[in-house]
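Visitor:
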DNA sequence: ATTATGTATTTTGAATACATTTATAAGAGG
DNA sequence: CCTCTTATAAATGTATTCAAAATACATAAT
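Residue numbers (the numbering used here), protein chains in the order written: chain A, 906 to 1125; chain B, 906 to 1125.
#1: Starting from the C-beta of residue 1087(B), find all residues in its chain whose C-beta is less than 8 Å away, skip the five residues before and the five after it, and write them out in chain order.
#2: Decide if the region 1070-1082 of chain B is in contact with the region 929-936 of chain B; the criterion is three or more beta carbon pairs, one per stretch, under 8 Å apart.
#3: Is it buried or exposed for residue 976(A), if we count other Cβ within 10 angstroms and need 16 for buried?
#4: Who are the neighbours of residue 1056(A) on chain B, taking C-beta pairs under 7 Å?
#5: What residues in its chain sit with their C-beta under 6 Å from that of residue 953(B), if we drop five residues either side in the sequence?
#6: Take residue 1085(A) and list the residues in its own chain whose beta-carbon comes closer than 6 Å to its own, dropping the five residues that flank it on each side.
#7: According to DSSP, is residue 972(A) part of a helix, a strand, or is it coil?
#8: Is there a C-beta anywhere in chain B that falls below 8 Å from the one on residue 1075(A)?
#9: Just the C-alpha distance for residue 1077(B) and residue 945(A), rounded to the nearest angstrom, thanks.
#10: Hey, quick one: how far does the beta strand (DSSP E) through residue 979(B) stretch, first residue to last?
#11: Would you please state the rounded distance, in angstroms, between the beta carbons of residue 1067(A) and residue 962(A)? I believe it to be under 8 Å.
#12: What three-state label does DSSP hand residue 914(B) in the structure shown?
#13: Quick check on DSSP: helix, strand or coil for residue 941(B)?
#14: Output, in chain order, the set of chain B residues within a Cβ distance shorter than 7 Å of residue 975(A).
#15: Rounded to whole angstroms, what is the Cα-Cα separation between residue 948(B) and residue 1011(B)?
#16: Determine the chain B residues that contact residue 969(A) at a beta-carbon separation under 8 Å, and present them in chain order.
#17: Under 8 Å, CB to CB, which of the residues in the region 924-958 of chain B have a partner in chain A?
#18: Taking C-alpha atoms, which residue in 1006(A), 995(A) and 1060(A) lies nearest to residue 1112(A)?
#19: What do you get for residue 957(B), buried or exposed, if any count of 16 or more other CB atoms within 10 angstroms of its CB means buried?
#20: For the alpha helix (DSSP H) holding residue 1010(B), just list the boundary residues, first then last.
#21: Among the residues of its own chain, which have a CB less than 6 Å from the CB of residue 1093(B), if the five just before and after it don't count?
#22: Could you tell me the alpha carbon to alpha carbon distance between residue 987(B) and residue 1056(A), rounded to whole angstroms?
#23: Pick out whichever of 1033(B), 1065(B) and 1020(B) has its Cα sitting closest to the Cα of residue 1044(B).
#24: Tell me the rounded alpha-carbon separation between residue 1082(A) and residue 1035(A).
#25: For a contact meaning CB atoms closer than 9 Å, what does residue 1049(B) contact in chain A?
#26: Return helix, strand or coil for residue 934(B), following the three-state DSSP convention.
#27: Could you check whether the Cβ of residue 1122(B) sits closer than 8 Å to any Cβ belonging to chain A?
#28: For a test of the three-state rule: what should DSSP assign to residue 961(A), helix, strand or coil?
#29: Using the C-alpha atoms, what's the distance from residue 926(A) back to residue 923(B)?
#30: What residue range does the alpha helix (DSSP H) around residue 1073(A) cover?
#31: For residue 1103(B) and residue 978(A), what's the separation of their Cα atoms in angstroms?
#32: Which residues of chain B have a Cβ atom closer than 9 Å to the Cβ of residue 985(A), listed in chain order?
#33: Residues of chain B with a CB under 8 Å from the CB of residue 922(A): which are they?
#34: Is any heavy atom of the ligand SAM found at a distance shorter than 7 Å from the C-beta of residue 1046(B)?
#35: From this set, 1095(A), 1080(A) and 984(A), which residue's C-alpha is nearest residue 1119(A)'s C-alpha?
#36: Are the beta-carbon atoms of residue 1005(A) and residue 1105(A) separated by less than 8 Å?
Here's what the structure looks like:
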């Protein structure tokens, strides 16, 4: 029999899907910081038993998105201003490293893709499309990571970036800060094209620092 | 009633204890890279049911010590030479950050403790007590982390440091490298006492880089 | 009224039972 | 002898059940 090009149906484990959905909900603020998470509610909501739910919660807990309290359930971790102040320098150090490596190791193709993404991002900005902007923005940073050639880096940045992305959704960025970010990205791209690793690293670090300053007004 | 100073009885969850024991076993090489992990075996070994075992494995997997394959069990993640080459620069960047912050924020008491630990470490070295040396060494790096005042940093470094500690146990360090490491720690302490944040950061980064070079001979 | 104490309910922790999937082995056909 | 089936066993994924703890509620005492 065998029909042409049948992709095998992929069956993911329930705990994985649950973890993904919960992670998404937490990052996008649908599950608010401090909110109590009831196993029972999740079971009913997703139509699964408690076993995969509990396994998913263990994962989220290790990622730092959820807090488990002995015998008294789980809750979404809070993100305080102090937490952010701590997280951003770390992210800065790691992005700087990623930048330095990317400047050295990126293929010409990757730099071309960066250019394309940059112009896409600018057009999203001009349309005032915040959601689209964030999406492209993510892709650029993802590309830098990929171009760094350091396979451990994405994994390490994941946890930090999860928290930072949460903050981004909690505090909407101002129009002026948005414009500034666009300019910064322009510089970042230039440094990359020039393969100026020191400057690229420095710019990424500064970019992060500015992001934190912008958040300060919303938080503190 | 109230008796004098009664500590509350602490009861830990099984999955936590299991995770601790497995983590220790993996880091210390008792569970070798690539080794298959059978849920059943762990159940029998620790006298618990599969539920907490599975939860512990989810945690270890998120930490990167264990690899889960859909429907075909878990195995201890391999640490290749490439992985280490990727992990060390990350650890270096984070340690450098920790050092810079520690130089700025450490209390006098913390620096005193560092001095004490340093002399303890030297005496362990003179006795040729490798295990004791590693222990004190860990404590010093822990102290730097604590002194950095960045509460997110330990959490972030945890995952990387887990892999690096594994490598340390896989390849025994040579006597000459050991002596060199002692010297480097002397310099590190000096920079800290002087509160020279730039230099401390740089030294820590270099210390890591040298560690990697030392490992290269064992691995490649 | 307020605090304390005892009881019921709810929720989580852990073990068992059931369902799928994968690995292993035995046998038939080439 | 090899390959492909097919049967069987073993291991994992999920659901269910049982046990322990925490919370909520009601009652009694001060």
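Note that beta-carbon positions come from the ideal geometry of N, C-alpha and C, so glycine has one too. Keep in mind the model is a prediction, meaning the values are calculated, not measured.
Guide: Taking the coordinates as given:
#1: 1026, 1027 and 1030
#2: yes
#3: exposed
#4: Within chain B, the residues near residue 1056(A) are 991.
#5: 919
#6: none
#7: strand
#8: Using a Cβ-Cβ cut-off of 8 Å, residue 1075(A) does not count as an interface residue toward chain B, since no Cβ of chain B sits closer than that to its own.
#9: 49 Å
#10: 979-981
#11: Residue 1067(A) to residue 962(A), Cβ: 15 Å. No contact.
#12: In the three-state reduction of the DSSP assignment, residue 914(B) falls in the coil class, being assigned neither a helical nor a strand state.
#13: strand
#14: 918
#15: 45 Å
#16: 1060
#17: Taking a C-beta cut-off of 8 Å against chain A, the contacting residues of the region 924-958 of chain B are 956, listed in chain order.
#18: With distances taken between Cα atoms, residue 1112(A) lies closest to 995(A).
#19: buried
#20: The continuous alpha helix (DSSP H) containing residue 1010(B) extends over residues 986-1010.
#21: 1108
#22: 9 Å
#23: 1020(B)
#24: 12 Å
#25: None at all; the shortest Cβ gap to chain A is about 15 Å.
#26: coil
#27: no
#28: helix
#29: 27 Å
#30: 1057-1075
#31: Cα to Cα, residue 1103(B) sits roughly 44 Å from residue 978(A).
#32: Within 9 Å Cβ-Cβ: nothing; residue 985(A) doesn't reach chain B, min ~10 Å.
#33: Under the 8 Å cutoff, chain B gives no residues; its nearest Cβ is about 12 Å from residue 922(A).
#34: The ligand SAM is absent from the structure shown, which contains no ligands of any kind.
#35: 1080(A)
#36: yes
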